[in-house]
Amino acid sequence: MCNWDRFCKILTGILFVPCFLVALVFEGALYRINEQKVGTTQAIEMQVRGKALHGSALSGDVSFLKYGVIERLQPEIVAIGSSRVMQFRQSFFQDTTFYTMGGLCNSIEDLSYVYRTATKQYVPRIIILEVSWDWLNPNYSHTLMEKPLLEKNAVSRRVYLYKRLFDSVRGNKKVREQLLDPDIRLTDEIGNRMTIGLMASADYRGFREDGSFQYGAAILHLNPLEERLRDTHERIQNANNRFEEAYGIDHNELSKLKCLIRSMKERGVHVMVFLPPFPDEIYQALMSSEKHNVYIKTYEQEVNNLCNQEKVSFFDFSNMAWVGSSDEEALDGFHGSERTYGRIMLRFVEDKELAPYVNAEYIRERLEKSDSPIQLLWYEE
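Next up, the structure:
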(Lines of atoms letter the chains of each structure in order from A and count residues from 1; the text may use other names and numbers.)
(Lines give C-alpha, C1' and ligand atoms only; values in the text may rest on other atoms or scores of the structure.)
Protein backbone atom coordinates (compact mmCIF):
# COMPACT_ATOMS: atom_id res chain seq x y z
CA MET A 1 0.00 0.00 0.00
CA CYS A 2 2.81 2.40 0.91
CA ASN A 3 4.54 1.75 -2.37
CA TRP A 4 1.31 2.45 -4.26
CA ASP A 5 0.76 5.74 -2.37
CA ARG A 6 4.30 6.78 -3.12
CA PHE A 7 3.87 5.92 -6.79
CA CYS A 8 0.68 8.02 -6.99
CA LYS A 9 2.41 10.98 -5.38
CA ILE A 10 5.36 10.75 -7.75
CA LEU A 11 3.05 10.44 -10.76
CA THR A 12 1.01 13.43 -9.59
CA GLY A 13 4.19 15.44 -9.16
CA ILE A 14 5.42 14.46 -12.61
CA LEU A 15 2.14 15.66 -14.14
CA PHE A 16 1.75 18.76 -11.96
CA VAL A 17 5.22 20.26 -12.27
CA PRO A 18 5.19 20.68 -16.09
CA CYS A 19 1.65 22.15 -15.97
CA PHE A 20 2.71 24.55 -13.24
CA LEU A 21 5.76 25.67 -15.21
CA VAL A 22 3.73 26.18 -18.38
CA ALA A 23 1.14 28.21 -16.44
CA LEU A 24 3.96 30.23 -14.90
CA VAL A 25 5.32 31.10 -18.33
CA PHE A 26 1.88 32.14 -19.59
CA GLU A 27 1.19 34.21 -16.49
CA GLY A 28 4.52 35.97 -16.92
CA ALA A 29 3.68 36.74 -20.55
CA LEU A 30 0.22 38.05 -19.63
CA TYR A 31 1.72 40.26 -16.95
CA ARG A 32 4.35 41.56 -19.39
CA ILE A 33 1.67 42.84 -21.79
CA ASN A 34 -0.78 43.96 -19.07
CA GLU A 35 -3.38 41.27 -19.87
CA GLN A 36 -3.28 39.50 -16.51
CA LYS A 37 -6.51 41.06 -15.20
CA VAL A 38 -8.62 40.33 -18.31
CA GLY A 39 -11.44 37.91 -17.56
CA THR A 40 -11.12 38.35 -13.79
CA THR A 41 -13.40 39.79 -11.13
CA GLN A 42 -10.59 42.21 -10.31
CA ALA A 43 -11.18 43.94 -13.66
CA ILE A 44 -14.88 44.28 -12.84
CA GLU A 45 -14.14 45.76 -9.42
CA MET A 46 -11.62 48.20 -10.90
CA GLN A 47 -14.29 49.58 -13.22
CA VAL A 48 -16.96 49.71 -10.52
CA ARG A 49 -14.82 51.33 -7.81
CA GLY A 50 -12.74 53.71 -9.88
CA LYS A 51 -11.60 54.73 -13.31
CA ALA A 52 -10.26 51.92 -15.47
CA LEU A 53 -9.90 51.54 -19.23
CA HIS A 54 -10.40 47.92 -20.35
CA GLY A 55 -9.07 46.97 -23.77
CA SER A 56 -7.73 43.49 -24.43
CA ALA A 57 -5.67 42.65 -27.50
CA LEU A 58 -6.23 38.92 -26.90
CA SER A 59 -10.02 38.68 -26.63
CA GLY A 60 -12.76 40.89 -28.01
CA ASP A 61 -15.30 39.36 -25.63
CA VAL A 62 -16.31 41.92 -23.00
CA SER A 63 -19.52 40.18 -21.93
CA PHE A 64 -18.00 38.92 -18.66
CA LEU A 65 -16.86 42.46 -17.84
CA LYS A 66 -20.08 44.25 -18.80
CA TYR A 67 -22.49 41.84 -17.12
CA GLY A 68 -20.32 41.95 -14.01
CA VAL A 69 -20.33 45.74 -13.92
CA ILE A 70 -24.07 46.12 -14.55
CA GLU A 71 -24.88 43.53 -11.88
CA ARG A 72 -23.02 45.64 -9.32
CA LEU A 73 -24.09 49.10 -10.52
CA GLN A 74 -27.73 48.30 -11.37
CA PRO A 75 -28.10 51.58 -13.31
CA GLU A 76 -31.49 53.23 -13.79
CA ILE A 77 -30.89 53.87 -17.50
CA VAL A 78 -29.33 51.30 -19.83
CA ALA A 79 -28.47 51.43 -23.53
CA ILE A 80 -28.54 48.10 -25.37
CA GLY A 81 -27.24 47.53 -28.88
CA SER A 82 -24.22 47.12 -31.11
CA SER A 83 -21.05 49.20 -31.15
CA ARG A 84 -23.35 52.04 -32.21
CA VAL A 85 -24.43 52.67 -28.61
CA MET A 86 -20.89 52.76 -27.25
CA GLN A 87 -20.80 56.55 -27.66
CA PHE A 88 -23.34 57.37 -24.94
CA ARG A 89 -21.73 58.65 -21.74
CA GLN A 90 -22.69 58.90 -18.08
CA SER A 91 -21.99 62.65 -18.27
CA PHE A 92 -24.83 62.99 -20.77
CA PHE A 93 -27.20 62.26 -17.88
CA GLN A 94 -27.95 63.98 -14.56
CA ASP A 95 -29.48 62.82 -11.28
CA THR A 96 -29.34 59.17 -12.35
CA THR A 97 -27.02 56.29 -13.17
CA PHE A 98 -26.31 55.11 -16.71
CA TYR A 99 -24.48 52.23 -18.37
CA THR A 100 -24.19 51.16 -22.00
CA MET A 101 -24.15 47.48 -22.93
CA GLY A 102 -22.95 48.48 -26.39
CA GLY A 103 -20.83 46.04 -28.35
CA LEU A 104 -22.67 42.90 -27.25
CA CYS A 105 -25.30 42.70 -29.99
CA ASN A 106 -25.17 41.47 -33.56
CA SER A 107 -28.88 40.72 -34.03
CA ILE A 108 -32.35 41.06 -32.52
CA GLU A 109 -31.74 37.73 -30.80
CA ASP A 110 -28.62 39.20 -29.20
CA LEU A 111 -30.70 42.13 -27.97
CA SER A 112 -33.05 39.70 -26.24
CA TYR A 113 -30.18 37.74 -24.71
CA VAL A 114 -28.47 40.86 -23.38
CA TYR A 115 -31.74 42.18 -21.94
CA ARG A 116 -32.59 38.88 -20.21
CA THR A 117 -29.09 38.45 -18.80
CA ALA A 118 -28.59 42.05 -17.69
CA THR A 119 -31.95 42.21 -15.90
CA LYS A 120 -31.82 38.94 -13.96
CA GLN A 121 -31.26 40.73 -10.66
CA TYR A 122 -33.08 44.02 -11.24
CA VAL A 123 -35.16 46.02 -13.72
CA PRO A 124 -33.88 49.36 -15.09
CA ARG A 125 -36.24 52.32 -15.29
CA ILE A 126 -35.42 53.23 -18.91
CA ILE A 127 -33.89 51.22 -21.77
CA ILE A 128 -32.50 52.94 -24.86
CA LEU A 129 -32.78 50.30 -27.57
CA GLU A 130 -30.82 50.53 -30.81
CA VAL A 131 -32.04 48.71 -33.93
CA SER A 132 -29.23 48.43 -36.47
CA TRP A 133 -29.94 48.55 -40.20
CA ASP A 134 -28.55 45.08 -40.97
CA TRP A 135 -30.50 43.21 -38.28
CA LEU A 136 -33.66 43.07 -40.41
CA ASN A 137 -31.86 42.21 -43.66
CA PRO A 138 -33.06 38.75 -44.83
CA ASN A 139 -29.86 38.27 -46.84
CA TYR A 140 -27.42 38.84 -44.00
CA SER A 141 -26.93 35.87 -41.71
CA HIS A 142 -27.04 36.66 -38.00
CA THR A 143 -25.75 34.41 -35.25
CA LEU A 144 -25.53 34.99 -31.52
CA MET A 145 -22.25 36.61 -30.57
CA GLU A 146 -19.80 34.25 -28.92
CA LYS A 147 -19.25 34.76 -25.19
CA PRO A 148 -16.27 32.53 -24.32
CA LEU A 149 -15.31 34.43 -21.16
CA LEU A 150 -18.88 34.68 -19.85
CA GLU A 151 -19.69 31.01 -20.29
CA LYS A 152 -16.63 29.64 -18.50
CA ASN A 153 -15.55 29.34 -14.87
CA ALA A 154 -12.44 31.08 -13.55
CA VAL A 155 -10.07 28.24 -14.50
CA SER A 156 -11.59 27.81 -17.96
CA ARG A 157 -11.40 31.56 -18.57
CA ARG A 158 -7.71 31.46 -17.73
CA VAL A 159 -7.06 28.53 -20.05
CA TYR A 160 -8.98 30.34 -22.79
CA LEU A 161 -6.78 33.40 -22.30
CA TYR A 162 -3.65 31.22 -22.52
CA LYS A 163 -4.91 29.82 -25.82
CA ARG A 164 -5.65 33.30 -27.15
CA LEU A 165 -2.16 34.41 -26.09
CA PHE A 166 -0.59 31.45 -27.89
CA ASP A 167 -2.61 32.13 -31.05
CA SER A 168 -1.85 35.85 -30.92
CA VAL A 169 1.88 35.34 -30.50
CA ARG A 170 1.85 33.08 -33.54
CA GLY A 171 -0.36 35.24 -35.73
CA ASN A 172 -0.10 38.84 -34.52
CA LYS A 173 3.16 40.67 -35.12
CA LYS A 174 2.20 43.55 -32.82
CA VAL A 175 1.61 41.21 -29.87
CA ARG A 176 4.97 39.53 -30.50
CA GLU A 177 6.72 42.89 -30.61
CA GLN A 178 5.08 44.00 -27.37
CA LEU A 179 5.98 40.74 -25.69
CA LEU A 180 9.64 41.13 -26.67
CA ASP A 181 9.86 44.87 -26.02
CA PRO A 182 6.81 46.11 -24.11
CA ASP A 183 5.66 49.71 -24.49
CA ILE A 184 3.08 49.55 -21.72
CA ARG A 185 1.45 52.51 -19.96
CA LEU A 186 -0.36 51.64 -16.76
CA THR A 187 -2.20 54.97 -16.92
CA ASP A 188 -4.27 56.07 -19.91
CA GLU A 189 -2.95 59.47 -20.97
CA ILE A 190 -6.27 60.48 -22.56
CA GLY A 191 -8.60 59.79 -19.65
CA ASN A 192 -6.17 59.36 -16.75
CA ARG A 193 -7.49 55.87 -16.06
CA MET A 194 -5.72 52.71 -14.99
CA THR A 195 -5.28 50.43 -18.00
CA ILE A 196 -6.32 46.78 -18.29
CA GLY A 197 -5.18 44.94 -21.41
CA LEU A 198 -2.61 45.60 -24.11
CA MET A 199 -4.97 47.57 -26.36
CA ALA A 200 -5.74 49.97 -23.52
CA SER A 201 -2.15 50.35 -22.33
CA ALA A 202 -0.51 50.67 -25.77
CA ASP A 203 -3.20 52.40 -27.88
CA TYR A 204 -5.54 53.92 -25.24
CA ARG A 205 -8.43 52.00 -26.79
CA GLY A 206 -10.99 50.33 -24.59
CA PHE A 207 -14.14 50.46 -22.50
CA ARG A 208 -14.59 53.09 -19.81
CA GLU A 209 -16.40 52.51 -16.52
CA ASP A 210 -19.75 53.63 -18.00
CA GLY A 211 -19.48 51.02 -20.77
CA SER A 212 -18.62 53.58 -23.44
CA PHE A 213 -15.66 53.07 -25.77
CA GLN A 214 -12.61 55.29 -25.99
CA TYR A 215 -11.25 55.41 -29.56
CA GLY A 216 -7.64 56.17 -28.67
CA ALA A 217 -5.95 56.66 -32.03
CA ALA A 218 -8.91 58.50 -33.56
CA ILE A 219 -9.02 60.92 -30.64
CA LEU A 220 -5.32 61.70 -30.90
CA HIS A 221 -4.84 61.54 -34.67
CA LEU A 222 -8.06 61.57 -36.71
CA ASN A 223 -7.71 60.28 -40.28
CA PRO A 224 -9.08 62.35 -43.20
CA LEU A 225 -12.82 61.90 -43.81
CA GLU A 226 -12.32 60.24 -47.21
CA GLU A 227 -10.19 57.55 -45.59
CA ARG A 228 -12.70 57.01 -42.78
CA LEU A 229 -15.58 56.46 -45.21
CA ARG A 230 -13.75 54.47 -47.89
CA ASP A 231 -14.42 51.00 -46.45
CA THR A 232 -18.18 51.62 -46.12
CA HIS A 233 -18.40 52.94 -49.69
CA GLU A 234 -16.74 49.73 -50.88
CA ARG A 235 -19.20 47.59 -48.90
CA ILE A 236 -22.15 49.42 -50.44
CA GLN A 237 -20.70 49.10 -53.93
CA ASN A 238 -19.97 45.40 -53.47
CA ALA A 239 -23.20 44.74 -51.52
CA ASN A 240 -21.45 42.69 -48.85
CA ASN A 241 -20.30 42.67 -45.23
CA ARG A 242 -23.60 43.87 -43.65
CA PHE A 243 -24.66 45.79 -46.76
CA GLU A 244 -26.09 42.81 -48.65
CA GLU A 245 -28.60 43.56 -51.39
CA ALA A 246 -32.20 43.46 -50.14
CA TYR A 247 -35.61 44.78 -51.15
CA GLY A 248 -37.61 44.02 -48.05
CA ILE A 249 -37.14 43.26 -44.37
CA ASP A 250 -37.16 39.96 -42.50
CA HIS A 251 -40.57 40.01 -40.77
CA ASN A 252 -39.56 37.13 -38.52
CA GLU A 253 -36.82 39.31 -37.05
CA LEU A 254 -39.27 42.20 -36.73
CA SER A 255 -41.60 39.90 -34.76
CA LYS A 256 -38.73 39.09 -32.39
CA LEU A 257 -38.23 42.80 -31.84
CA LYS A 258 -41.93 43.21 -31.10
CA CYS A 259 -41.84 40.41 -28.52
CA LEU A 260 -38.76 41.93 -26.88
CA ILE A 261 -40.36 45.36 -26.55
CA ARG A 262 -43.53 43.83 -25.10
CA SER A 263 -41.48 41.84 -22.61
CA MET A 264 -39.74 45.01 -21.46
CA LYS A 265 -43.00 46.92 -21.11
CA GLU A 266 -44.60 44.09 -19.12
CA ARG A 267 -41.84 44.49 -16.52
CA GLY A 268 -42.48 48.22 -16.25
CA VAL A 269 -39.53 49.40 -18.35
CA HIS A 270 -39.88 52.63 -20.32
CA VAL A 271 -38.59 51.73 -23.80
CA MET A 272 -37.01 54.12 -26.29
CA VAL A 273 -36.09 52.84 -29.76
CA PHE A 274 -33.70 54.62 -32.09
CA LEU A 275 -32.08 54.02 -35.46
CA PRO A 276 -28.37 54.93 -35.28
CA PRO A 277 -26.63 57.43 -37.58
CA PHE A 278 -24.78 57.15 -40.88
CA PRO A 279 -22.76 60.09 -42.21
CA ASP A 280 -24.81 62.05 -44.74
CA GLU A 281 -22.46 61.01 -47.55
CA ILE A 282 -23.02 57.32 -46.76
CA TYR A 283 -26.78 57.75 -46.30
CA GLN A 284 -27.02 59.45 -49.70
CA ALA A 285 -25.00 56.61 -51.23
CA LEU A 286 -27.49 54.12 -49.80
CA MET A 287 -30.41 56.14 -51.13
CA SER A 288 -28.77 56.25 -54.58
CA SER A 289 -28.13 52.51 -54.64
CA GLU A 290 -30.77 50.34 -56.33
CA LYS A 291 -29.60 47.44 -54.17
CA HIS A 292 -30.19 49.27 -50.90
CA ASN A 293 -32.57 52.23 -51.09
CA VAL A 294 -35.84 50.26 -50.95
CA TYR A 295 -34.58 48.20 -48.03
CA ILE A 296 -33.38 51.19 -45.99
CA LYS A 297 -36.68 53.03 -46.48
CA THR A 298 -38.65 49.90 -45.54
CA TYR A 299 -36.46 49.30 -42.48
CA GLU A 300 -37.03 52.84 -41.24
CA GLN A 301 -40.78 52.74 -41.85
CA GLU A 302 -41.43 49.26 -40.41
CA VAL A 303 -39.58 49.94 -37.16
CA ASN A 304 -41.45 53.23 -36.87
CA ASN A 305 -44.78 51.45 -37.42
CA LEU A 306 -43.92 48.84 -34.81
CA CYS A 307 -43.07 51.49 -32.22
CA ASN A 308 -46.33 53.32 -32.94
CA GLN A 309 -48.26 50.08 -32.48
CA GLU A 310 -46.50 49.34 -29.18
CA LYS A 311 -46.72 52.98 -28.05
CA VAL A 312 -42.99 53.40 -27.40
CA SER A 313 -40.78 56.35 -28.32
CA PHE A 314 -39.15 56.16 -31.74
CA PHE A 315 -36.28 58.26 -33.05
CA ASP A 316 -34.86 57.97 -36.55
CA PHE A 317 -31.27 59.25 -36.61
CA SER A 318 -30.27 57.34 -39.74
CA ASN A 319 -28.64 60.47 -41.17
CA MET A 320 -26.27 62.43 -38.94
CA ALA A 321 -27.29 65.62 -40.72
CA TRP A 322 -30.78 65.27 -39.23
CA VAL A 323 -29.38 66.12 -35.77
CA GLY A 324 -27.12 68.88 -37.09
CA SER A 325 -23.90 66.86 -37.37
CA SER A 326 -21.47 67.29 -40.23
CA ASP A 327 -19.76 64.20 -41.65
CA GLU A 328 -16.53 65.33 -39.98
CA GLU A 329 -18.08 64.08 -36.74
CA ALA A 330 -18.12 60.49 -38.03
CA LEU A 331 -15.69 57.91 -36.74
CA ASP A 332 -16.21 55.87 -39.90
CA GLY A 333 -18.97 55.05 -42.38
CA PHE A 334 -21.49 53.86 -39.80
CA HIS A 335 -20.33 55.11 -36.41
CA GLY A 336 -21.17 58.57 -35.21
CA SER A 337 -18.81 60.13 -32.69
CA GLU A 338 -19.38 61.39 -29.17
CA ARG A 339 -20.30 64.81 -30.52
CA THR A 340 -23.06 63.34 -32.66
CA TYR A 341 -24.41 61.32 -29.72
CA GLY A 342 -24.45 64.48 -27.63
CA ARG A 343 -26.71 65.99 -30.30
CA ILE A 344 -28.83 62.83 -30.19
CA MET A 345 -29.24 63.29 -26.43
CA LEU A 346 -30.61 66.79 -27.03
CA ARG A 347 -33.25 65.24 -29.27
CA PHE A 348 -34.06 62.64 -26.62
CA VAL A 349 -35.60 65.40 -24.47
CA GLU A 350 -38.68 64.88 -26.65
CA ASP A 351 -39.26 61.77 -24.55
CA LYS A 352 -40.99 63.02 -21.40
CA GLU A 353 -39.76 60.13 -19.25
CA LEU A 354 -36.09 60.62 -20.15
CA ALA A 355 -36.12 64.43 -20.45
CA PRO A 356 -35.51 65.19 -16.72
CA TYR A 357 -32.33 63.10 -16.81
CA VAL A 358 -30.75 64.63 -19.92
CA ASN A 359 -27.85 66.90 -18.96
CA ALA A 360 -28.81 69.29 -21.74
CA GLU A 361 -27.13 72.46 -20.51
CA TYR A 362 -23.82 70.70 -20.05
CA ILE A 363 -24.04 69.03 -23.49
CA ARG A 364 -24.73 72.38 -25.18
CA GLU A 365 -21.80 73.91 -23.34
CA ARG A 366 -19.47 71.15 -24.47
CA LEU A 367 -20.72 71.35 -28.07
CA GLU A 368 -19.78 75.00 -28.04
CA LYS A 369 -16.44 74.73 -26.26
CA SER A 370 -14.95 71.46 -27.48
CA ASP A 371 -12.51 71.99 -30.34
CA SER A 372 -12.39 68.29 -31.28
CA PRO A 373 -14.43 67.12 -34.31
CA ILE A 374 -15.30 63.88 -32.50
CA GLN A 375 -14.88 64.42 -28.75
CA LEU A 376 -17.54 66.22 -26.76
CA LEU A 377 -16.31 65.78 -23.19
CA TRP A 378 -12.99 66.75 -21.72
CA TYR A 379 -10.50 63.91 -22.12
CA GLU A 380 -10.32 63.22 -18.39
CA GLU A 381 -14.09 62.79 -18.04
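Per the working numbering: the sequence shown = residues 41 to 421.
We treat Cβ as the ideally placed atom computed from N, Cα and C, and that holds for glycine.
In this text the structure is predicted, and so the values were computed from the model without any measurement.
Beta-carbon gap between residue i and residue j smaller than 8 Å
i: Val102; j: Ile167; result: no
i: Glu393; j: Leu417; result: no
i: Gly79; j: Leu219; result: no
i: Pro222; j: Arg129; result: no
i: Gln127; j: Gly376; result: yes
i: Lys296; j: Ser152; result: yes
i: Ile284; j: Asn179; result: One detail in the question is off: residue 284 reads as Glu in this sequence, not Ile. Yes, the pair counts as a contact, with Cβ atoms nearer than the cut-off.
i: Leu269; j: Glu321; result: yes
i: Thr380; j: Val363; result: yes
i: Asn177; j: Asp356; result: no
i: Gly237; j: Glu408; result: no
i: His273; j: Ala325; result: yes
i: Leu315; j: Ser365; result: no
i: Glu425; j: Thr136; result: Past the boundaries of the shown model lies residue 425; the chain is included only from 41 to 421, so the question cannot be answered.
i: Ile259; j: Ile414; result: yes
i: Leu64; j: Gln254; result: no
i: Leu265; j: Glu186; result: no
Span separating the alpha-carbon of residue i from that of residue j
i: Ile276; j: Gly373; result: 10 Å
i: Glu401; j: Arg383; result: 12 Å
i: His310; j: Leu169; result: 10 Å
i: Leu144; j: Phe133; result: 22 Å
i: Ser172; j: Asn263; result: 25 Å
i: Gly90; j: Ala279; result: 44 Å
i: Ser303; j: Arg156; result: 10 Å
i: Phe66; j: Tyr200; result: 11 Å
i: Val215; j: Ala97; result: 8 Å
i: Ala286; j: Pro319; result: 21 Å
i: Leu61; j: Leu205; result: 16 Å
i: Cys347; j: Gln341; result: 10 Å
i: Ala83; j: Ile336; result: 40 Å
i: Trp175; j: Val154; result: 15 Å
i: Ile224; j: Glu330; result: 48 Å
i: Val88; j: Gly68; result: 26 Å
i: Lys77; j: Asn212; result: 20 Å
i: Met86; j: Ser241; result: 15 Å
Segment limits, beta strand (DSSP E) that includes residue i
i: Val118; result: Ile117 to Ile120
i: Phe428; result: With the chain covering 41 to 421 only, the question about residue 428 has no answer from this structure.
i: Glu369; result: Premise fails: Glu369 is in no beta strand (DSSP E) and is neither H nor E.
i: Leu326; result: Segment Asp320 to Ser328 is the alpha helix (DSSP H) holding Leu326; no beta strand (DSSP E) there.
Same chain, Cβ closer than 8 Å to residue i, five either side skipped, listed in chain order
i: Thr227; result: Arg233, Met234 and Thr235
i: Asp243; result: Gly95, Gly256 and Ala257
i: Leu184; result: Asn146, Ser147, Glu149, Asp150 and Tyr153
Own chain residues within Cβ distance below 6 Å of residue i, not counting five before or after
i: Met327; result: Asn333
i: Val343; result: Val171
Residue i - containing alpha helix (DSSP H), residue span
i: Tyr287; result: Taken as a continuous stretch (DSSP letters only), Tyr287 belongs to no alpha helix (DSSP H), as it is neither H nor E.
i: Phe128; result: Element bounds for Phe128: n/a, residue is neither H nor E.
i: Thr157; result: Ile148 to Ala158
i: Asp96; result: In the sequence as displayed, the identity of residue 96 is Ser instead of Asp. Run containing Ser96: none; DSSP gives neither H nor E here.
i: Thr272; result: Leu265 to Asn278
i: Asp243; result: Leu238 to Asp243
i: Ser208; result: Ala194 to Gly211
i: Phe388; result: Glu378 to Phe388
i: Ile110; result: Ser103 to Leu113
i: Leu81; result: At residue 81 the sequence reads Thr, which differs from the Leu that was named. Segment Thr81 to Arg89, the alpha helix (DSSP H) holding Thr81.
Residues near residue i by beta carbon distance below 7 Å, same chain, minus five either side
i: Ile301; result: Val311, Glu350 and Val352
i: Val389; result: Ala395, Val398 and Ala400
i: Thr140; result: Ala119, Val125, Met126, Phe128, Asp250, Gly251 and Ser252
Touch check for the region 154-167 and the region 109-117: three-plus C-beta pairs under 8 Å? Short answer: they touch.
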